[in-house]
Structures are given as C-alpha cells and as structure tokens.
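Chains as they are written, first to last, in the working numbering: chain A, 543 to 630; chain S, 1409 to 1994.
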Amino acid sequence: MTPTANISTLNRLDPGDCGTILALDAGEELYQRLVALGLRIGNSVRMLRRARFGGPLHIRVGTTELMLRVREARCIRIAHDTATDPSV
Amino acid sequence: MIGMPNTGKSTLFNRLTGAHAKVGNWPGLTVDLLSARLIIGDQVIQLVDLPGIYDLNGYSEDEKVVTTFLAQNHIDLALVVLNASQIDRQLALLGQIMRLGLPIVLVLNMVDEAAALGITIDAGGLSAKLGIPVCLLSAKYGQGVEQLQPVMRGVLGKKPTARATGVGAVSLDERQLEACVKSCVSVPAQASHALTEKIDRILLHPWLGLPIFFGVMFLLFEVVFVLGKPIQDAMAWGFTAVRSEALEPALAGLPIVLKGLMLDGVYNGLSTVASFVPIIVLFFLCMGIVEDAGYLSRAAFLMDALMARFGLDGRSFVMVLMGFGCNVPALMGTRVIRSRGLRLLTMLVIPLSLCSARMQVFVFFIAALFSAEAAPLVLFSLYVMSILTAMLTSLLFKRRYINTDPFVLEMPPYRFPTLRQIILRGWHEVGHFMRRATRFIVAGVVLVWLLTNFPQGATPGGVDTWAGQIGALLNPVLSPLGIDPKLTIALIFGFVAKEIVIGSLAVIYNMEGSALVSTIAHQIDWIQAYSFMLFTLIYTPCLSTIATIRTESKSKAFSALAIVWPLGLAWIVSFLFYQIARHLAA
C-alpha cells in the first residue's frame, strides 16, 4: 500500500478508494469544522459512496462517518492511495 | 454540560435529570436551553444542556450560544461529554474548554460502542495525565452513570477559590493532548461498524435507497396521522361532552355574552391546544426513533441532490413531508436543523404543505361543486399547487435565508433507540408546546369569537358582525378572486383552524348538512370554489401554526413574514386563477 504522488481532491475519489489528506483549502469556518470532524492533514479518508444525481459524498475518517457536499470535498486536497485495501 | 453533537449529551442529561427538566429562556440567547435542578451532596445545582458544538471559537449559531452562555453565567463545573469511540478527534474541544480555567469533569460516553469497535481506554491514566476526573459510561444503557454523581460532588465540594484557578487541570496544547490519547487509548487499525456498513449497503443503495426512503416516510406518516386521528377525535368528543354535560349547565346562570366568551372563546381555545397533543406526542415518538436510529442523516444523504437546488436539505424535506399531516409538529421538528438560515427557510415552506385539516375543507367544497369523476383530479391538483408554492417560496427566499453552516454532517452508526429516551422527548416537546402556545392560541380564538359575535345583537357569524363588516371592507380586494363577503367570514374563521371552516359555514349561512351544500352550490360556481380553495390552501394555515412559528423562530419579523408572504401569494394565485378562468369560460 504505497501512496503515489497522485494528488487530487477528495471529490474525485472513487467509492472504495482511500486517500491521505494533504491540505485543506478552506476558509476558517469550514477549516475548523473539517478538523473538528477528524479531517486533519495526514489522516486517511475512505470514500464509501456517492449519492446519485451529483449528491453528497459518504466518507469515513478514523471511526467517524461523514457526508459532505461536493463543493466542500473540493477543498480537501488528498494523495490518492492507489493500492486497493483488502478490507473493501 | 458541553460537548460535540452526536455524543449522547442529551441522553446523559435525561439520565441525570429524568422528566424534571424544563425548557427555558436565557438572556441574550436565540435558542431555548433545557435545564434542571439537581441535588449533588449538600448542594443544589442547576444543570444546563448546552447545544452540541464542534469548536469553542466557531462561527455557527450554536457555538455563539455556548460562548455567550459561558461568558454570562457563573459556571461551577463543566461536564464535558465526548464520544469515547471518537476521542481522538474530540479531545481538541476539551483542550479549548480546559484553557478557560473551569473546573472540569470529563465524561467519555458510548463506551458500549467503543468496546464493540475494540477501542480500549485507560481512564485512570487519562485522568492523571489531564489532571481532571474522567468517567467512562454509557448514558443510553445507564452503565457507569452512578459513578458520575460522587465525582461531581468531589469537584463541586472543593473551595471556590481553589476551583476558580482550575486546580489540578493542566493546560495542554494540541500535541500534548494527542500524546495523552496515544498513550491511554488504543484503537484497532480497522475500526468500523460492520453492521452499519451492511445496513447502509441496502438503505443507501443507488437504486433501492430512494424507494425505501419513501416507504419509510409513508409508514411514518401513516403511524403519526392515521393513528393520531382517532385519538384526536376521541379527545374532541371528550371536550364536547365536558362542555355540554358539565360546563353549559354550570354556566347557565351567567349572562349570555360572558357564557359565550367562556365557552366559545376560552374553552374552545384550550381544546384547540389539547387537540394537538396526541399528534405531537406521536410525531416525536416516530421522529425520535428515526433520529436516534441514525436514519435522519441517511434521509439527508439521499435527498440532498434535489433539495440543495432549493436551498434546503434532506432533513428539511422530511419535515415538509410531515407537514402534509400537520404543520405544527413539523415546524417543531425543524429544531434538528442547526443552521438558522436553513431552519427559517424550512419553516417558511412547511405551512404551504396541504395538511389534513385543509383537506377537510377541500373535500367539502369538491363534493359540493364537482362531479365524482372530477373530484380526485381536483384534489390532486391542489396537492400539486401545494408543492409548487413550496418550491417557489424556497427558490425566492433561498438567497435571504442562506445556509451558513458548512454542509458536513456526521453519519452516526445505526443504533437501537431506547424507549425511555423517546418517551422523555415526546413529554418535553408537548410541555414545550403547551407552555408556549396556549396563551397565544386562546387569545386568538377569543379574538375571532369577538369578531364574529359582536356588535351586540348581531347574528353570530352573520354579515352584520365585525367580521362581516371586515368582509365587506375587504370586498374590493377579494371580489376579484371571486370570494364573496360570506366566504370572507369563513376565511376569518379559518385563521383559527381549518377544522372549523365547515362548521362556520353552517353558522354563516344558517343551515346545515345537505341544505348547506346545495345553497353553496347555488350561490357560487366551481371557479369561485376553486379560487376559494386555492386561497385556503396557501394563506395562513392556522393560529397554532403561527404560534409555533413565533415560539420556534423567536423572531417577530420572521413570524410577520410567515403570515404576510403566504397571504400575498394566496391572493396572487387566486387572482390569476379566477381572472384567467373567467376569461376562458366567457
């Protein structure tokens, strides 16, 4: 499981894929909220599913599951872990 | 009591205080807070359940409420509640509270879930490192709650001077906190709720998710309103029986005006309030299950793509849908939405939902003026109008009531709701409604009684009463809609409750049953009737709805808007329909 230098944003992850948070390009308010919910730099996130019709994303970070809109997910820069996790 | 959302704070609060808690106003705060008196050792303390927050320096409405509260009140003890299975990310909030220098007891709630995930927490070690007492407990199942009181007593028992300086508590920065967690908490590499994942695979399925959601909503609706109706009817029957068997004989000696005021005014007002009790209880029982089980956030997930276009979210959708049964509990239910802008927009939209009381009026008019074949289509068209006006309202006002909160919501694992928690919730909500709305509703009912019974000597509900005079005064405004002065009086009655509109028509036309139906069918045509129904659909649903909007929004300006906008919209829609239909029919 070696993360490549495949840099993207969270909204681009496919369901089942994981990424490591590199940066949060968010205003102070959103930044605070993301951090409080566990979306910190260095943490690993997994995309669980996306709602239909461009709806929100369902992700997991640590033991917390979150939903967020694509607009918010665009603010989260990640390194895409290419290796698929055996637990999926 | 302070902590993040979804930490079971309120469950612990209920566990500690039982049914004694009271919702109260606090100076300078825009929301009500639940508080209760508790006896700890030889002291009586007031325990306050603060809204869940993510950050003490945050920007959300709730975060401002908490900081205002902490600044304005003398705090003897901060009970910081964190979710034990999410302690790694929630400890930052504890750090912020510790920096305030308050005496703190740390509660790590939901240990049952943490244990199920394989998370182990060394409470003793954590307590020593942080310098504050730490309690591991499960508020839901009551496990470990008994240790909390002695711990609180211990902290409260210390000398005030010692407490003020926050003796014992060490001020730690983020990195030190993280180190504490690392040394005392062990989280397995793959900690996830396996059952939740399985259920989500079905309930959030790309194709099955939405049909299941609508199925659940249908079931919910049936339980609340189909089950609620007979209970409501039984209560109405009881109130009528008390009136005719006990009150009327007892008040027989009184002058007729005073008797009318007591019975048609005050007593009817009280029975109006009471008629909402079964529906509010049932609504919050069901919503409690949906919310505590974790499905409400799934509903938000499923409906968000559509609702975001209207400036709303999936939870708004659930409440608007419930509004089709009754607007009052739906308005109260918006409290789950923590962003004020989003909540107000939802509250502006809900009264446009065609509730069951309005349906009674429509069924009467449709039966009187439309053929049996046309009837279902007419009723369906009114539902479509209800949805269209709701969509129009949200589109027009979404820029005014902007959802300022970032849209990042927690999806809690599915949980079994506990009966105790749900019943307490229903109990609190009914109490809240009765305390806040009773005076307003009774005053409104009395006012309409005065308008439709005075000046003295006028036929009650007739055209020579004040209401009739208002109807005549409004004639230039309402006649372009095809609504005559008699129907205007019915609209004034309808302001109190749609349930009494048909009854009021009987009084206004001074006839009942089939005679009333045929008279109305002769005096107005179907275009007038449909215009009247459109107006009835859109304008103020009832006094109880207004009372609820007023107490829930705590804003006079918003309540005024919630009355004026639907009135204006009702006029425009009815005007357009009536004029166009008349031209086409001519």
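Where a beta carbon is used, it is the ideal one built from N, C-alpha and C, also for glycine.
How many Å lie between S/Tyr-1986 and A/Arg-591 at the Cα?
Distance between the alpha carbons of S/Tyr-1986 and A/Arg-591 is about 49 Å.
Hey, S/Pro-1820 and S/Asn-1414 are a contact pair by Cβ (cut 8 Å); roughly how many whole angstroms apart?
Contact holds; Cβ gap of about 5 Å.
S/His-1840 burial status per 10 Å Cβ neighbour count (16 or more: buried)
Counting Cβ neighbours within 10 Å, S/His-1840 comes out buried, since at least 16 surround it.
Unbroken stretches of the beta strand (DSSP E), 3 residues or longer, contained in the stretch 1487-1561 of chain S
The stretch 1487-1561 of chain S contains these whole beta strand (DSSP E) runs: 1512-1517 and 1542-1544.
Within its chain, find whatever has a CB closer than 7 Å to the CB of S/Ile-1957; leave out the 5 residues flanking it on each side and keep chain order.
Beyond the five residues adjoining it in sequence on each side, S/Ile-1957 comes within less than 7 Å, by CB distance, of Leu-1739, Met-1755, Ser-1967 and Ala-1970 in the same chain, given in chain order.
When burial is assigned at 16 or more other CB atoms within 10 Å of the CB, is S/Lys-1906 buried or exposed?
By the beta-carbon neighbour count (other beta carbons within 10 angstroms, threshold 16), S/Lys-1906 is buried.
How is S/Gly-1432 classed by DSSP in three states: helix, strand or coil?
Correct three-state label for S/Gly-1432: strand.
Extent of the continuous beta strand (DSSP E) to which A/Ile-618 belongs
It spans 618-623 - the beta strand (DSSP E) in which A/Ile-618 sits, taken as one unbroken run.
Tell me whether S/Thr-1797 is buried or exposed, calling it buried when 16 or more other Cβ atoms sit within 10 Å of its Cβ.
Result: buried.
Among S/Gln-1864, S/Leu-1817 and S/Ala-1547, which residue has its Cα nearest to the Cα of S/Arg-1706?
Closest option to S/Arg-1706, Cα to Cα, is S/Leu-1817.
Strictly under 8 Å for the Cβ-Cβ distance: is A/Ala-593 near chain S by that measure?
By this cut-off, A/Ala-593 is an interface position.
I'd like to know whether the C-beta of A/Ala-578 is nearer than 8 Å to at least one C-beta of chain S.
Taking Cβ atoms only, chain S reaches closer than 8 Å to A/Ala-578, which makes this a yes.
With DSSP collapsed to three states, give me the class of S/Thr-1956.
Judged by DSSP in its simplified three-state form, S/Thr-1956 adopts helix.
Chain-ordered residues of the stretch 550-567 of chain A with a beta carbon less than 7 Å from chain S
Answer set for the stretch 550-567 of chain A: empty.
Per-residue contacts from S/Met-1670 into chain A (C-beta, under 7 Å):
In chain order: nothing, as chain A lies at least about 54 Å away.
Do you know how far the Cα of A/Ile-583 is from the Cα of A/Ala-621?
The alpha-carbon of A/Ala-621 is positioned some 11 Å away from that of A/Ile-583.
Mind checking if A/Arg-619 is an interface residue toward chain S, Cβ cutoff 8 Å exclusive?
Taking Cβ atoms only, chain S never reaches closer than 8 Å to A/Arg-619, which makes this a no.
Among S/Leu-1785, S/Ala-1775, S/Ser-1724 and S/Gln-1504, which has the Cα closest to the Cα of S/Asp-1933?
Nearest of S/Leu-1785, S/Ala-1775, S/Ser-1724 and S/Gln-1504 to S/Asp-1933, Cα basis: S/Ala-1775.
So the candidates are S/Leu-1544, S/Phe-1725, S/Glu-1469 and S/Ser-1493; which of them puts its Cα closest to the Cα of S/Leu-1420?
Of S/Leu-1544, S/Phe-1725, S/Glu-1469 and S/Ser-1493, the residue nearest in Cα terms is S/Leu-1544.
Over what stretch of residues does the beta strand (DSSP E) that includes A/Met-589 continue unbroken?
Per DSSP, A/Met-589 is one residue of the beta strand (DSSP E) stretching across 586-592.
Taking only the alpha-carbon atoms, compute the straight-line gap between S/Phe-1940 and S/Thr-1475 and give it to the nearest angstrom.
So the alpha carbons of these two residues sit roughly 50 Å apart.
Answer yes or no: does any C-beta atom of chain A fall closer than 8 Å to that of S/Ser-1705?
Answer yes: the Cβ-Cβ gap between S/Ser-1705 and chain A drops below 8 Å somewhere.
How far does the beta strand (DSSP E) with S/Cys-1734 in it reach, from first residue to last?
In the DSSP assignment, S/Cys-1734 falls outside any beta strand (DSSP E) and carries neither an H nor an E.
Cβ-Cβ distance between S/Met-1727 and S/Gly-1741 below 8 Å
Yes.
Quick one: is A/Gly-596 near chain S, going by C-beta distance under 8 Å?
For A/Gly-596, the answer is yes, since a Cβ of chain S falls inside 8 Å of its Cβ.
Inter-residue Cα distance where the pair is A/Ile-549 and A/Arg-619
Cα-Cα distance, rounded: 7 Å.
Do the CB positions of A/Val-612 and A/Asn-553 come within less than 8 Å of each other?
Yes, these two residues count as a Cβ contact at 8 Å.
Span separating the alpha-carbon of S/Leu-1984 from that of S/Leu-1899:
The alpha-carbon atoms of S/Leu-1984 and S/Leu-1899 are separated by roughly 19 Å.
Anything in chain A within Cβ reach of S/Glu-1818, meaning under 9 Å, just list it in chain order.
Contact note: S/Glu-1818 reaches chain A through Leu-579, Thr-606, Glu-607, Leu-608 and Met-609, using a C-beta cutoff of 9 Å and chain order.
With a threshold of 8 Å between beta carbons, is A/Arg-602 in contact with chain S?
With 8 Å as the cut-off, A/Arg-602 counts as an interface residue toward chain S.
When we look at the beta-carbon of S/Ile-1916 and count the other beta-carbons within 10 Å, is it buried (16 or more) or exposed?
With a 10 Å radius around the Cβ and a threshold of 16 neighbouring Cβ atoms, S/Ile-1916 comes out buried.
C-alpha distance - S/Asp-1892 paired with S/Gln-1936, whole-angstrom precision:
Going from the Cα of S/Asp-1892 to the Cα of S/Gln-1936 covers about 9 Å.
Express the C-alpha separation of S/Ser-1952 and S/Tyr-1791 in angstroms, rounding to a whole number.
Rounded to the nearest angstrom, the two C-alpha atoms are 22 Å apart.
Would you mind reading off the limits of the alpha helix (DSSP H) that contains S/Gly-1677?
Looking at the DSSP string, the run of the alpha helix (DSSP H) that includes S/Gly-1677 is 1676-1683.
On a CA-only basis, which of S/Asn-1433, S/Ile-1483 and S/Arg-1561 is nearest S/Gln-1451? Give me that one, please.
Distances from the CA of S/Gln-1451 to each of S/Asn-1433, S/Ile-1483 and S/Arg-1561 were compared; the closest alpha carbon is that of S/Arg-1561.
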